[in-house]
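**Student:**
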Amino acid sequence: MSYLVAVPDFVTAAAADLAHIGSSLETVRAAAAIPTTQILAAGADEVSAAVAALFSNHAQAYQAVSTQTAAFHAQFVQLLQSGAGAYASAEAINAGPLQTLLTLINAPTQTLFARPLIGDGVNGNDETGAVGGAGGFLYGNGGRGGSGAPGQAGGAGGAAGLIGNGGAGGLGGAGANGGAGGTGGWLFGNGGAGGSGGVAPDIDGAAGGNGGMGGRAIGLWGNGGAGGNGGSHLGDNTPVGTGGMGGNGGDGGAGGLLGNGGAGGHGGTGNKVDTLIANAGGGGAGGAGGTALIGRGGTGGTGGQGGWFADSIDSAHYGDDGGVGGAGGAVTLLGDGGAGGAGGYGGLSGTGGAGGSGGLGGLIGAGGAGGYGGEVVPVIGATHGDGGAGGAGGAARLFGNGGSGGAGGSLYQGIFGNGGTGGAGGASGWFGDGGAGGQGGTSGVLWGKGGDGGVGGSATLVGNGGSGGAGGSSAGDPVSRDLDGITGGSGGAGGVGGLIGNGGAGGAGGAGGNGLDARNGDPANGGNGGLGGNGGDARWIGSGGNGGAGGAPGIAVNGGTPGQRGPGGTGGANGVAAGVPGRHG
């Protein structure tokens, strides 16, 4: 911890930089002197001579001003250098007495409580898992926790005193958990970040360590510490048996009276394999975001990627699933809920992790958005894999909109697999609109069904229902002998309006899959478009939501039957006292 108002080394460096700038400017000024002060007349007439004299006089005036500026610059640099020397001398003179005084001040509390009155806590030694020392009672940050030896958890970060930040948790040893972050100051200060979990040891089925929990902020102001990331499995590929799981991310710490919750840690990556007799490991779950009283809830951590085959992607075995995204942190009084974390990528033939749900909003504040569903590792040759479901949007309480649902995971480059379902929109508070439903994920490029769109969130007293999410597009059918296209994903229904408010619009249906020309010229039918979502109803005063449009039909090949456009959704009913019904899609 530094008690200096000015750091002499920084002042000296600034003086050197200014001197270099002045030297460069002087070089440029000297180079421009002759060409600009001795301009020849363009002709023998009086006008040309007058113009040349005007420019030459102007250049000479500029040179005079530049000379004065250079002199001032030199004086300023000299003054700055003198000031740096004075600061350095004062520091050298006062360092001894101040350190002696500080030692005397800290002696009683250090003797009685093994803790200074002013000063930072001692860092824990690495490879021991030692706990970080507590910061000074009045002022000081907690010490960092020591890292763990293989198989040993990282040490917890030290707590701060009245003013200061908690210490960071130590890194976990191989396969062990990270240390928790220290608590923030009693008056001001942030919680310390949790330590990352240790990477998994290179043995069959070994998992990465979990990330440490972020430290809480317990004072008047301060943010919660971020959770530590889960440990990944980064060693050699597993030859037989089961690959290890990635560690879970640590939860974010709670914010203080005024402050945001800490973000959740990310899940670790699962072990990959490259033989026909081994299974990959799954990704770790993301940590939940920290809660807040007045502030914003912490964002949930992203789920870890599932393990996948490194070389033998043509084998009959499967990769593993991506980790679930962490939930967003809730808020108690004032502020928006945290967004849910995205689901992790699924390994080859694995399923993407589900997105985390959005956090609950405060009495005044919106719900957090749901996390996106995880996709599948985009590698050509994947045998199968589905996208993860999107997370639900968080609800609001009194004043605020519901959070939007997360989109379902898509397979933009996967060979085949189903798209993930979109997350539902969150309900509004008494005053506010419901959240929109998430869009369904797109299927694989050859086979698979698009995910259904999420339902829109409902309104409570005054507000409109949220719109439903659109359905995802489909591809071919792996069960059909002739590789017919599959029906597109259905659009989500619109949310119900409040006592005063309109119903939400239904989501559009996804496009049907095209027939595949893969069986010696046999005909293949196109898939039907997905159903449009129904519009949400109004309650007392308001109009019903419009129904969603049906999805586009798939194209047939080799004389097959084309698909049909999906039916549109039904319009929502109007309010009892006033309003008009919604249009059909």
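By the working numbering, the letter at position 379 of the sequence shown is numbered 379, and the numbering carries on one by one without gaps. Even for Gly, the Cβ is constructed at its ideal location relative to N, Cα and C. Note that the structure is predicted; figures quoted are calculated from it, not measured.
#1: List the endpoints of the continuous beta strand (DSSP E) containing L334.
#2: My parser needs the alpha helix (DSSP H) runs of 4 or more residues fully inside the region 336-385; what are they?
#3: Can you check which of these residues, P116, T570 and L516, is closest to G560 by C-alpha distance?
#4: For the pair the region 39-53 and the region 117-127, tell me if three or more CB-CB distances fall below 8 Å.
#5: For the beta strand (DSSP E) holding L293, just list the boundary residues, first then last.
#6: Our contact map puts G402 next to G435 with C-beta atoms below 8 Å; I'd like the distance itself, whole angstroms only.
#7: Here's a check: name, in chain order, each residue in its chain whose Cβ is nearer than 6 Å to the Cβ of G494, leaving out the five neighbours to either side.
#8: Using a Cβ-Cβ cutoff of less than 7 Å, which residues in the same chain neighbour G83 once the five nearest sequence positions on both sides are dropped?
#9: Going by DSSP, which residues form a beta bridge with Y62?
#10: Would you identify the three-state DSSP class for L101, choosing helix, strand or coil?
#11: Could you round the C-beta distance between G198 and G209 to whole angstroms and report it? I think they count as a contact, below 8 Å.
#12: Using CA atoms only, rank isn't needed, just tell me which of G344, G512 and G472 is closest to G554.
#13: I'd like the list of long-range same chain contacts for G136, defined as Cβ closer than 6 Å, with 5 residues on each side in sequence excluded.
#14: Alpha carbon to alpha carbon, how far is N165 from A32? Give it in angstroms, no decimals.
#15: For I277, count the other beta carbons within 10 Å of its own beta carbon; 16 or more makes it buried, fewer makes it exposed. Which is it?
#16: So, using beta-carbon positions, are V324 and L360 closer together than 8 Å?
#17: If you draw a straight line from the alpha carbon of Q75 to that of T100, how long is it in whole angstroms?
#18: Go ahead and pull the three-state DSSP assignment for I486.
#19: Is the beta carbon of G343 sitting closer than 8 Å to the one on G367?
#20: Could you compute how far the alpha carbon of G527 sits from the alpha carbon of I541?
#21: Between the beta-carbon of S490 and the beta-carbon of G471, is there less than 8 Å?
#22: Please name the residue, chosen from L138, H73, V131 and G328, that lies closest to I105 on a Cα-to-Cα basis.
#23: Report back the beta-carbon spacing between G256 and G219 to the nearest angstrom; my notes put them in contact at under 8 Å.
#24: DSSP has W430 in a bridge; who is on the other side?
#25: Are the beta-carbon atoms belonging to G589 and G353 less than 8 Å from one another?
#26: Pick from A107, G341, D484 and G142: whose alpha carbon is nearest that of G596?
#27: Do you know offhand how far G261's Cα is from T69's?
#28: Roughly how many angstroms separate the alpha carbons of R565 and G268, rounded to a whole number?
#29: Three-state secondary structure (DSSP) at I218?
#30: Please confirm whether G448 and G440 have their CB atoms less than 8 Å apart.
#31: If we count the other Cβ atoms within 10 Å of its Cβ and call it buried at 16 or more, is H233 buried or exposed?
#32: So, helix, strand or coil for F188, using DSSP?
#33: Which of the three DSSP states, helix, strand or coil, is assigned to A556?
#34: Please say whether G563 and G509 have beta carbons closer to each other than 8 Å?
**Tutor:** According to the structure data:
#1: Note, L334: beta strand (DSSP E), V331 to L334.
#2: Within the region 336-385, no complete alpha helix (DSSP H) run reaches 4 residues.
#3: Ranked by Cα distance from G560, the first of P116, T570 and L516 is L516.
#4: Using a Cβ-Cβ distance cut-off of 8 Å, the region 39-53 and the region 117-127 are not in contact, since fewer than three pairs of beta carbons, one from each stretch, lie closer than that value.
#5: First-last of the beta strand (DSSP E) with L293: A292 to I294.
#6: That belief holds up - the Cβ atoms of G402 and G435 are roughly 4 Å apart, short of 8 Å.
#7: Within the same chain, G456, G465, S467, G468, G503, G504, A505, G506, G535, G536 and G545 come within 6 Å of G494 by CB-CB distance, once the 5 residues on both sides are set aside.
#8: So the list reads V11, once near-sequence residues are dropped.
#9: Under DSSP, Y62 takes part in no beta bridge, so it has no partner.
#10: Here DSSP, grouped into helix, strand and coil, assigns L101 to helix.
#11: About 4 Å separates the two Cβ atoms, so the contact holds.
#12: Looking only at G344, G512 and G472, the smallest Cα-Cα distance to G554 is reached by G512.
#13: P116, L117, I118, G119 and G161, listed in sequence order.
#14: Cα to Cα, the separation comes out at about 55 Å.
#15: Because the pLDDT at I277 is just 45, under 50, the model does not fix this residue reliably, and the value given afterwards should be weighed accordingly. So I277 counts as exposed.
#16: No, the pair does not count as a contact, with Cβ atoms beyond the cut-off.
#17: In a straight line, the C-alpha of Q75 is about 38 Å away from that of T100.
#18: Note: I486 maps to coil in three-state DSSP.
#19: Going by beta carbons, G343 and G367 fall outside the 8 Å limit.
#20: Looking at the two C-alpha atoms, the distance is approximately 40 Å.
#21: Taking a C-beta distance under 8 Å as the contact criterion, S490 and G471 qualify as a contact pair.
#22: When each option's Cα is compared against that of I105, the closest is L138.
#23: Under the criterion of beta carbons closer than 8 Å, G256 and G219 qualify as touching, at roughly 5 Å.
#24: Secondary-structure assignment with DSSP links W430 through no beta bridge to anything.
#25: Only positions 1 to 585 of the chain appear in this structure, which leaves residue 589 out of reach.
#26: This structure cannot speak to residue 596, because the chain is shown only from 1 to 585.
#27: Each residue's Cα considered, the two are about 52 Å apart.
#28: Distance between the alpha carbons of R565 and G268: 43 Å.
#29: Of the three classes helix, strand and coil, the one that applies to I218 here is coil, per DSSP.
#30: Contact flag unset, no.
#31: Looking at its Cβ environment, which holds 16 or more other Cβ atoms inside 10 Å, H233 is buried.
#32: F188: strand per DSSP, three-state reduction.
#33: It is coil, neither helix nor strand.
#34: No. Outside cutoff.
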